[in-house]
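Chain order of the listed sequences is A and B.
No gaps in the numbering here: position 320 of the first sequence is 320 in our numbering, and each next residue is one more.
No gaps in the numbering here: position 65 of the second sequence is 1065 in our numbering, and each next residue is one more.
Working notes for the structure below.
Number of protein chains: 2
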Amino acid sequence: MSDTNPVWIDGKWSKSSGVEVFLAVDPATGLEIAGQFPKSDWTDCDQALEAAAQAFETLQVTPRTVISDFLKKYADLIEANAEALAKQASQESALPFAPRLKDVEIPRTSNQLRLAATACIDGSWSQPTIDSALNIRSVLSALGPVLVIGPNNFPFAFNGMSGGDFAAALAAGNPVIVKGHPNHPNTTKMLAELASNAIQSTGLPPATVQLLYHMSPESGLRMIADRRLASVAFTGSKSAGLSIKETCDKAGKPVYLEMSSVNPVVILPGAIEERGEALAEEFSGSCMMGAGQFCTNPGFVILCASSKTEAFIGNVVQRFGASPGGTLLAASVRDHLAASVTCVQKAGAQLLVGGNAVEDGGRIAFQNTVLRVSGTEFLNHPEALQTEMFGPVSMFVVVEDLLEAQAVIAQLEGNLTGTIYTSTDDRDDSAYQQMVRPLRQKVGRLLNNKMPTGVAVSLAMNHGGPYPSTGHPGFTAVGIPASMKRFGALQCYDNVRTNRLPEILQDQNPAGLAWRLIDGQWTQGDVISAKA
Amino acid sequence: MSDTNPVWIDGKWSKSSGVEVFLAVDPATGLEIAGQFPKSDWTDCDQALEAAAQAFETLQVTPRTVISDFLKKYADLIEANAEALAKQASQESALPFAPRLKDVEIPRTSNQLRLAATACIDGSWSQPTIDSALNIRSVLSALGPVLVIGPNNFPFAFNGMSGGDFAAALAAGNPVIVKGHPNHPNTTKMLAELASNAIQSTGLPPATVQLLYHMSPESGLRMIADRRLASVAFTGSKSAGLSIKETCDKAGKPVYLEMSSVNPVVILPGAIEERGEALAEEFSGSCMMGAGQFCTNPGFVILCASSKTEAFIGNVVQRFGASPGGTLLAASVRDHLAASVTCVQKAGAQLLVGGNAVEDGGRIAFQNTVLRVSGTEFLNHPEALQTEMFGPVSMFVVVEDLLEAQAVIAQLEGNLTGTIYTSTDDRDDSAYQQMVRPLRQKVGRLLNNKMPTGVAVSLAMNHGGPYPSTGHPGFTAVGIPASMKRFGALQCYDNVRTNRLPEILQDQNPAGLAWRLIDGQWTQGDVISAKA
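Below is the structure:
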């Protein structure tokens, strides 16, 4: 036990009181990676909660510039250490060192942290609203300590220690307790050490960021129910997400979940006719990229029966079969994927290619897989046939006509994305109109002629959607500053003297940066007194 | 059964398939009011859900002007019938015909409907957000059918058929199924008939508004769980609210609840010294107004022990005792109040005045009541001693010092409002700072030197707060357009051609009215293409 890595609680790296340990595994070899990590017990959780509650008190009187400086400093440190970080993450996740990790995900991560740093100072995210005649003013303000639970598939951009939820919760003024993902503890540890440096050099209250690598579900749910915790942000599996949601719901605290999504793609007849081959290439690339381990992987494709559709399917099957299954993040991902594929097959889907784990020494992988089902068959078992298959797998639903396509869409649960491909000319216009209305209500982001895999960090992005893709359809997990609103409570001030108001609600716009809604007009200006 | 009032489903006034009936009671006499109303069974609920789902389809392609015209026309009709409406509501609620109902609540209600009509056309509520470089655009869009369940205490301004939730849900583009409050069915019926006229004269899809007067909890919860229903807005008791919340949570649908609140008021020593008598008058008036039946009634007053505090308490007790208990809304309110007062007494509170139901012929009333407890006693039983006592009742918590006051505040659950009274000079400034930070995090609206009973319809209002005062701390139930955001799903468009975008997201601002966040700037202008 002496070489077990310490947890980071209340600004100190200290021995976990948990007795269980775990190690990361290199998915490319199946071998354990040196470095023992602790599975925290309740004592660790309790100490982290207590320290976070104290940190929140301090943070409420800490200037926003300190939080902002921390985020910028941390972004700088991540970039300065990009090489080592990417190398470590690549070993733990089997995701490519470059360009994926070093040149795409790390820059995205530091960019997100810098956007959060700006938004934190600017204050526009909090939507300050002023009724000058009645002297009623309101603003979204920090909620309290947030537990951030990151997923396995983005060791930086969604890591609990550095990703979008981390940046948003912190920039909104909340202390963060990070629950690392057990598949990449060494990466998370490196990030935490950089965060720790950044905290020390900027003077943020030490317990503003804390780290536990792992914990039992019991301790985790107890922590979530604890009144010292204000909110939870989670990205991961539906089953874990629903347990967390149930616990938060009972405790009456806001929870933001990103759980599962099959990301329906409708390819209309004109598009298939016009550019079936190109679409097969585009689709295959998107679905197999990163071994298909994206929340927005196109896992469910609706096609109208035709010879062109058969050619498209044949083309995709060939591409999937020609490429060896990419290495997966972990054995649990492979096993879960195998179970999901079996479940979908049992519900009537026909296997066109793939369908099995790759036997390739210790490497953890699954064959690139395509399944197929008719519209009628889908409609007989709509629930099982929209099981998420997380990995390089997709299912084609071949419908007789657009009416059947509508019926299929009507049975879909909530998804993060929905995509419609149309011809470049107007021949699909009428079909588009028939598809878009039912699909629109089922998804958070509607795309046209573009695979859903990319999730741009844009102020207009919605990485969210109706249940069960998330827990609330009004919020996005990606896109600063919109994603910050999740971590604010609406706080109103009624008849409060100017000098007692938060700076951002005073007559004078503190730095002239915040957009404020004053008497119905958005402005970066000051409150103009009616008397003036 | 032949004279049972019909329900309003799918644009038709039709016989309910429920077999049970009920009548309203005049609380001033305890006598039943003529007019039988049906308790709907599942068949009614199912039909309303089906019609609402269809109406939602139509509503999505109905111009916003039609919804807006309906809201304006309905407001006009309510004003034109104010006299008769107020008379009916006064009989059913015992609330004063004037000024309360006719001159205050009805104008507030029609004003709210008109604000919603404007917001519906304007579109700013939906926060259209455009990233012009990436062509990613998002907007809050209608969720789907909303069940609006109004409370007993505002027969107009919070009525499911005419109140804030009704106006907000509808103006956001959602069909509304109204579940009337069984204490005032005749008022709700009159409102529904006016709404029906307004629908006919403006051409809104007939099932956009539907009415069931009552239903069993089983049918209600089945309706709430049904996938055709998108969301629920509820104002009422904590027990009913928690059942609704549990059902919505399980179904993964957003629910907006306004449940209970004791509305803590801290009166600091300087304020008591400076104007104790005036405060006693102000407090007593606020607490006894409308027989104390406000969500924001000041039911919990924290005072520092002193001779001035004793004088204040004595003054209030005299005022409460000198005035006969106002007539309550219903026998159930009286009985629930009696039970709550008993519960608080059992937990250690001392009764200073009142405490019993008024025996006054058939009139339904409860004595104006003041209880008292020490800080120490409160801290021994903090849960029971913050039981909401809905009626003309308040409890004084007399603390030894400010530290004890902080400890009391730390034990409070989430509340809609929190108030601090201070001296007009600066002698309470330091005490204010000690109180405000803990109190701020517990409440949705912080007031200074003003009773919380008034809830202005202001764009900056927050009639919301941390759990269990509501179900989500980020939203307000009062204040157009902010309250409309509850009934929107965030819908993003990625790489969608201009002519396929909703009007409000196209480059040209449709009517130049909507405030849109374009590339980080709020503007009422058009998208300026980078190429231009």
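Beta carbons: idealized from backbone N, C-alpha and C, even for Gly.
Over the uninterrupted beta strand (DSSP E) stretch that includes residue i, give me the two end residues.
i: Gly1454/B; result: No beta strand (DSSP E) holds Gly1454/B; DSSP gives it neither H nor E.
i: Ala98/A; result: Segment: none, Ala98/A is in no beta strand (DSSP E) and carries neither H nor E.
i: Thr327/A; result: Counting along the chain, Thr327/A falls outside any beta strand (DSSP E), and DSSP gives it neither H nor E.
i: Glu1079/B; result: Counting along the chain, Glu1079/B falls outside any beta strand (DSSP E), though it belongs to the alpha helix (DSSP H) covering Arg1064 to Ala1080.
i: Met395/A; result: Val393 to Val399
Which chain A residues are close to residue i, counting only those with a beta carbon under 8 Å from its beta carbon?
i: Leu1143/B; result: Pro473
i: Asp1360/B; result: Going along chain A, no residue has its Cβ under 8 Å from Asp1360/B, so there is no contact; the nearest lies around 36 Å.
From the DSSP output, in three-state form, read off residue i for me.
i: Val353/A; result: strand
i: Cys1287/B; result: helix
i: Lys12/A; result: strand
i: Leu1147/B; result: strand
i: Tyr493/A; result: strand
i: Ser1261/B; result: coil
i: Phe154/A; result: coil
i: Pro38/A; result: strand
i: Ile1267/B; result: strand
i: Val1443/B; result: strand
i: Arg989/B; result: Absent from the model: residue 989/B. The displayed extent of chain B is 1001 to 1532, so no value can be given.
i: Gly292/A; result: helix
i: Leu501/A; result: coil
i: Lys545/A; result: Since the first residue shown for chain A is 1 and the last is 532, residue 545/A is missing from the structure and cannot be characterised.
With a cut-off of 8 Å, does the C-beta of residue i fall near any C-beta of chain A?
i: Trp1008/B; result: no
i: Asn1315/B; result: no
i: Tyr1467/B; result: yes
i: Trp1125/B; result: no
i: Gly1444/B; result: yes
i: Arg1440/B; result: yes
i: Ala1612/B; result: This structure does not reach residue 1612/B, given that chain B is present from 1001 up to 1532, and the question cannot be answered.
i: Asp1131/B; result: yes
Along chain A, which residues have their Cβ under 7 Å away from the Cβ of residue i?
i: Tyr1074/B; result: Result: empty, since nearest Cβ-Cβ is about 23 Å, beyond 7 Å.
i: Ala1489/B; result: Pro466, Pro473 and Gly474
i: Gly1520/B; result: Leu459
Buried or exposed: residue i, going by 16 or more other Cβ atoms within 10 Å of its Cβ?
i: Asn159/A; result: buried
i: Asn152/A; result: buried
i: Thr1470/B; result: buried
i: Ile1528/B; result: exposed
i: Glu258/A; result: buried
i: Ala94/A; result: buried
i: Ala1410/B; result: exposed
i: Ser458/A; result: buried
i: Gly1362/B; result: exposed
i: Pro1182/B; result: buried
Chain B partners of residue i, CB-CB under 7 Å?
i: Lys450/A; result: Asp1494 and Asn1495
The alpha helix (DSSP H) that contains residue i, what's its start and end?
i: Leu513/A; result: Careful: Leu513/A lies outside any alpha helix (DSSP H) and carries neither H nor E.
i: Thr109/A; result: Ile106 to Asp122
i: Ser1017/B; result: Counting along the chain, Ser1017/B falls outside any alpha helix (DSSP H), and DSSP gives it neither H nor E.
i: Asp1131/B; result: Not the alpha helix (DSSP H): Asp1131/B falls in the beta strand (DSSP E), residues Thr1129 to Asp1131.
i: Ala1410/B; result: Leu1402 to Ala1410
Is there a Cβ from chain B that is less than 8 Å from the Cβ of residue i?
i: Arg114/A; result: no
i: Trp42/A; result: no
i: Leu517/A; result: yes
i: Arg500/A; result: yes
i: Ser483/A; result: no
i: Ala456/A; result: yes
i: Leu447/A; result: yes
i: Ala532/A; result: Note that Ala532/A scores a pLDDT of 42, beneath 50, so its modelled location is shaky; the value from the coordinates is reported in the next line. It does not: the Cβ of Ala532/A has no partner Cβ on chain B nearer than 8 Å.
i: Leu134/A; result: yes
i: Leu170/A; result: no
Residues of chain B with a CB under 8 Å from the CB of residue i: which are they?
i: Pro254/A; result: His1472, Pro1473 and Gly1474
Using the beta-carbon of each residue, which ones in chain B are nearer than 9 Å to residue i?
i: Arg437/A; result: Glu1057, Gln1060 and Val1061
Output, in chain order, the set of chain A residues within a Cβ distance shorter than 9 Å of residue i.
i: Ser1243/B; result: Chain A residues near Ser1243/B: none, gap ~13 Å exceeds 9 Å.
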